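Participant:
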Amino acid sequence: MKVLIIGLPLFAKNLAKELNQFDPDNRYVCLNTYYRFIDKLKFLYHVRNCDIVYSLNGSIYNARAFDMALKFKKKLIIHWVGTDVIKAKKSYGDRLINKKYIEQATHFCEVDWIKQELEEIGISADPVPFLSFDNRGYTVGSFPEKFSLLTYIGLNRAEFYGFNEILALAIKFPDIDVNVVGISEYSGKLPENVNLLGWVKDMNAIINNSVVCVRFPKHDGLSGFVLESLACGRHVIYKYPFPHCSAVSDLAELQDVTNALYEKFSDDNLDVNTEGVAYIKDNFSQEKVLSNLLDKFKAALNER
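Each residue of the sequence shown is one higher than the one before, starting from 322 at the first, in this note's numbering.
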């Protein structure tokens, strides 16, 4: 079996490497058809003799790679990951739809809330994770001496990632250090307790230097940042309900949960999130994630 992996370049590259090591009997080829012209040419070659075109990013309109996969009668698997769903819903509302993508492809997503959103535009998707965490060097450290909070804000998308709410949280709790990865500068005024760390290579160390990790975007798929944080035993405040996280829907709830955790920490009554660590080990091991994904690939081929 030969699988072409396209879509979000970083995730596609990492997944192809993991699959080739895990499953040497089959071949997984990653192509960056978004940003590399040479890979677009390579796609035209590989698509003719592959079995599956697997995209880690979805679309319902004007996707050249999808068109080519269907033209050559290859099994097309679209894995929806988050922001792509927002774009697809807009395309659907604007009636910019290629029904072949919806009807002839096999659709995966990561979590139930994305599955429900896709159902609104006529797509039935099977929840299938693709990120694994037992081989990425994450360790569970003790809490730092001072209560600190960590969040991720995407470059040039501060408002989308909930930075306004994070700043309000920092102002509300001036004694809490609020560390931000992803951006190194911000045009507005920052509270003194907010630290912009930019792009960080060693996320394990940064996460373990935190007590609480917050993910509060306007919209999300299953966040790798959330899974990383759980793998390190941190307490996680999330915009969506997810096992061993505290779900919050607005700023008031975000402040309330933060305050509750802060008080427990101050009273020396807050333990590492061992339940979260166990959940990641049980559900996001490489063996479990990649075995399941491989089974899903084979099942999709048998659908034809």
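Yeah, the Cβ is synthetic: ideal placement off N, Cα and C, and Gly gets one too. Treat the numbers as computed from the prediction; the structure is a model and nothing was measured.
Kindly indicate the opening and closing residues of the beta strand (DSSP E) around HIS367.
Facilitator: As a working mapping, residue 367 is identified with position 46 in the sequence shown. No beta strand (DSSP E) holds HIS367; the alpha helix (DSSP H) holding it covers 358-367.
Participant: For VAL515, which three-state DSSP category applies?
Facilitator: Residue mapping note: residue 515 aligns to position 194 of the sequence shown, counting from 1. Reduced to three states, the DSSP call for VAL515 is strand.
Participant: Looking at ILE326: is its Cβ nearer than 8 Å to the Cβ of TYR349?
Facilitator: Numbered from its first residue, the sequence shown carries residue 326 at position 5. Numbered from its first residue, the sequence shown carries residue 349 at position 28. In contact: ILE326 and TYR349 (Cβ atoms closer than 8 Å).
Participant: When you compare each of LYS363, GLY483, LEU439 to LYS410 by their alpha carbons, which one comes out closest?
Facilitator: By one-based count along the sequence shown, residue 410 stands at place 89. Checking every option, the nearest Cα to that of LYS410 belongs to LEU439.
Participant: Just to confirm the assignment: which complete beta strand (DSSP E) runs, minimum length 3, are found wholly within the segment 490-572?
Facilitator: Qualifying beta strand (DSSP E) stretches, in chain order: 498-502, 515-519, 533-536, 556-559.
Participant: Can you list, in chain order, the residues of its chain whose CB lies under 7 Å from that of VAL461, leaving out five sequence neighbours each side?
Facilitator: One-based indexing of the sequence shown puts residue 461 at position 140. Result list for VAL461: CYS553, GLY554, VAL593, VAL598, in chain order.
Participant: What's the C-alpha gap between PRO495 and PHE468?
Facilitator: For the purposes of this step, residue 495 is identified with residue 174 of the sequence shown, where counting begins at 1. For the purposes of this step, residue 468 is identified with residue 147 of the sequence shown, where counting begins at 1. Rounded to whole angstroms, PRO495 to PHE468 spans 11 Å at the Cα level.
Participant: Put LYS394 into one of helix, strand or coil per three-state DSSP.
Facilitator: For the purposes of this step, residue 394 is taken as the residue at position 73 of the sequence shown. Reduced to three states, the DSSP call for LYS394 is coil.
Participant: Return helix, strand or coil for LYS467, following the three-state DSSP convention.
Facilitator: Taking the sequence shown and counting its residues from 1, one reaches residue 467 at position 146. Here LYS467 sits in coil by DSSP.
Participant: Near PHE343, which residues of its chain fall below 6 Å by C-beta distance, leaving aside the five closest residues on each side in sequence?
Facilitator: As a working mapping, residue 343 is identified with position 22 in the sequence shown. Only LEU611 meet the Cβ criterion.
Participant: What first and last residue would you give for the alpha helix (DSSP H) that runs through ASP616?
Facilitator: Taking the sequence shown and counting its residues from 1, one reaches residue 616 at position 295. Where ASP616 is concerned, the enclosing alpha helix (DSSP H) stretches over 607-623.
Participant: Starting from SER376, trace the beta strand (DSSP E) both ways and give me its first and last residue.
Facilitator: The residue labelled residue 376 in the question sits at position 55 within the sequence shown. Start and end: 373-377.
Participant: If you draw a straight line from the C-alpha of LEU582 to the C-alpha of GLU513, how long is it?
Facilitator: Sequence index remark: in the sequence shown, residue 582 carries index 261 (1-based). Sequence index remark: in the sequence shown, residue 513 carries index 192 (1-based). Their Cα atoms are separated by approximately 21 Å.
Participant: For a test of the three-state rule: what should DSSP assign to VAL449, helix, strand or coil?
Facilitator: Counted from its first residue, the sequence shown places residue 449 at position 128. Three-state DSSP puts VAL449 in coil, outside helix and strand.
Participant: Could you check if PHE358 is buried or exposed, using at least 16 other CB atoms within 10 Å of its CB as the buried criterion?
Facilitator: The residue labelled residue 358 in the question sits at position 37 within the sequence shown. Under this definition PHE358 is an exposed residue.
Participant: On a CA-only basis, which of GLN437, SER376, PHE563, SER550 is nearest ALA333? Give me that one, please.
Facilitator: Residue numbering aside, residue 333 sits at position 12 when the sequence shown is read from its first letter. Out of GLN437, SER376, PHE563, SER550, SER376 has the C-alpha closest to the C-alpha of ALA333.
Participant: Three-state secondary structure (DSSP) at VAL350?
Facilitator: Mapped onto the sequence shown, residue 350 falls at position 29. VAL350 falls in the strand class under three-state DSSP.
Participant: What separation, rounded to the nearest whole angstrom, lies between the Cα atoms of GLY403 and PHE537?
Facilitator: Counted from its first residue, the sequence shown places residue 403 at position 82. Counted from its first residue, the sequence shown places residue 537 at position 216. For GLY403 and PHE537, the distance between alpha carbons rounds to 14 Å.
Participant: Let's test the definition: count the other Cβ atoms within 10 Å of the Cβ of ASN383 and tell me whether it reaches 16, buried, or not, exposed.
Facilitator: In the sequence shown, the residue the question calls residue 383 occupies position 62. It is exposed - the Cβ of ASN383 has fewer than 16 other Cβ atoms within 10 Å.
Participant: With a cut-off of 8 Å on the beta carbons, I'd call VAL502 and LEU490 a contact; round off their distance for me.
Facilitator: Here residue 502 is taken as the residue at index 181 of the sequence shown, counted from 1. Here residue 490 is taken as the residue at index 169 of the sequence shown, counted from 1. That pair is no contact at about 16 Å.
Participant: For VAL324, which beta-bridge partners are listed by DSSP?
Facilitator: The residue labelled residue 324 in the question sits at position 3 within the sequence shown. DSSP output for VAL324 lists TYR349, ILE373 as bridge partner(s).
Participant: Please report the residue range of the beta strand (DSSP E) in which THR404 lies.
Facilitator: As a first step, residue 404 must be located in the sequence shown, where it is residue number 83. Unbroken run through THR404 is the alpha helix (DSSP H), 404-414; no beta strand (DSSP E).
Participant: Excluding five sequence neighbours on each side, which residues of the same chain lie with their C-beta closer than 6 Å to the C-beta of ASP455?
Facilitator: Residue numbering aside, residue 455 sits at position 134 when the sequence shown is read from its first letter. Closer than 6 Å at Cβ, skipping near neighbours: SER606, GLN607.
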